[in-house]
Amino acid sequence: MFNSYAFYTGKEWRKRQIRKITDRVFEKVQNQKESDKLSFEDLYIAVLLVYNDINKYIPGPHFDPPSKARVKEVKEKCDINLDGDIDREEFFDFILQMTADTFTVVSQKLIVTMVVAPTVAVATKKATEGVPCVGKVVKKIPNSVYASLVTIAAVWFQKKAQSSSL
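Mapping of the sequence shown onto the UniProt record's numbering: position 96 corresponds to residue 96, and the numbering continues sequentially without gaps.
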């Protein structure tokens, strides 16, 4: 059955994206072995590959991969059949747990950038219109263009802050 709440919050989209990543990474790491399961060493390599993809393809700050201790802790929770290794389904659940905080941070930044910034821009446009010299120009700019410019500026400031914190 279609879950409209999950659809609108992006949970289903996120799961589909993670499934694509986990299947590809699992295949890549598993092809080097004869087994269809991942040992701890293979699992940690897979986590590094997943975080490499997250940092490469998802907008936002750089996310450091979790420590080996954290991987071991989550692995123990996800090893449903208690065989010491992780199979494909366990790997999907494992990655969902490992990346939950990462996607929360990305979602919050996207909400601030794509919703809050344009809303604040439109709300403050009236105040800007009263500024001498600048006000005449601001009045001529359509709300959508003004909101876009403020959003671009917000993204630029975020990127600037990220690069200076590295």
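Cβ coordinates follow ideal geometry from the N, Cα and C atoms, glycine included.
Bear in mind the structure is a predicted one, so any value in this text is a computation, not a measurement.
Could you compute how far the alpha carbon of residue 81 sits from the alpha carbon of residue 145? 56 Å
Inter-residue Cα distance where the pair is residue 25 and residue 124: 46 Å
Taking the C-alpha atoms as reference points, what is the distance between residue 128 and residue 155? 20 Å
Run through DSSP, which three-state label would residue 80 get? coil
Where residue 87 and residue 38 are concerned, what is the direct C-alpha to C-alpha distance, given to the nearest angstrom? 6 Å
Under 7 Å, do residue 71 and residue 44 count as touching if we go by C-beta distance? yes
Buried or exposed: which applies to residue 152, given that a residue is buried once 16 or more other Cβ atoms fall within 10 Å of its Cβ? exposed
Figure out for me which residue from 150, 41, 157 and 63 has the closest Cα to the Cα of residue 116. 150
Pull up the DSSP beta-bridge partners for residue 86, would you. 38
Return the residue from the list 56, 95, 28 and 132 that minimises the CA-CA distance to residue 14. 95
From what residue to what residue does the alpha helix (DSSP H) around residue 25 run? 11-30
Quick one: Cα of residue 48 to Cα of residue 120, how far? 38 Å
In this structure, how does DSSP classify residue 131 when only helix, strand and coil are distinguished? coil
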